[in-house]
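Visitor: For the sequence shown, the working numbering gives the first residue as 142, with consecutive numbering after it.
No residue lacks a Cβ here, since even glycine has one placed at the ideal position from N, Cα and C.
Input: one structure, supplied below.
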Amino acid sequence: MDHEDRYLTIYLQDHLTAATGGINLTRRAKGSAKGRDEELHAFYGGFEEELLEERRSLLGFLSEIGAGPHTAKALAATVGERLGRLKLNGHLLSRSPYSDLVELEGLSIAVQGKRLGWIALQERAHPRFDPTELARLVTQAEDQHDRLEALRRPRAARILAGLAPTPAS
């Protein structure tokens, strides 16, 4: 790894850590939605595949500059996602309808951060990074955000109005 790639390596490792956390959250949310909200369950299934593919892209970018994942950061992502399960959501031992909203909002925020990361990498224009791949990743993040918003908005309206969560589809 070149000295000039030091901060690029850290940046990519940080985004890889966030991607790992997003995959863990998505898997948990998908499992929770199964049999309860089939629209969310189906979305999370496809979203997980996209996140796994993006994680492979990040690993590829790291490899291109002679670097790899940071083990401690990967562990931190797993621990952080698990700690994120402990929230005061109005239910002590059961899942709150509010949890769907919090998860969708968290993923929406994460997708926006990821999109900005892909744009930053486009602007850096590293000679070993495929600009077509980066453009595709930016577009995919924009599409993901739109799909998350389409799921989040009606659930937010119902939950915050004190109505029952969206019935299983």
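In terms of residue numbering, what span does the alpha helix (DSSP H) encompassing E189 cover?
Guide: Where E189 is concerned, the enclosing alpha helix (DSSP H) stretches over 179–205.
Visitor: Please classify L262: does DSSP put it in a helix, a strand, or coil?
Guide: In this structure, L262 counts as helix in the three-state DSSP scheme.
Visitor: Using 8 Å as the threshold, is the C-beta distance between A160 and L203 below it?
Guide: In this structure, L203 does not lie closer than 8 Å to A160 by Cβ.
Visitor: Just to confirm my understanding: we take P295, look at its own chain, exclude 5 residues before and 5 after, and list those with CB closer than 6 Å. What are they?
Guide: Correct list: empty, nothing qualifies.
Visitor: How many angstroms separate the CA atom of E179 from the CA atom of P272?
Guide: Distance between the alpha carbons of E179 and P272 is about 36 Å.
Visitor: Note down, in chain order, each residue of its chain lying with its Cβ closer than 8 Å to the Cβ of Q263, except the 5 sequence neighbours on either side.
Guide: Cβ neighbours of Q263 beyond the five flanking positions: P272, L275, A276, V279.
Visitor: Just verifying my parser: in three-state terms, what is the DSSP assignment at S240?
Guide: The answer is helix: DSSP assigns S240 an H, G or I state.
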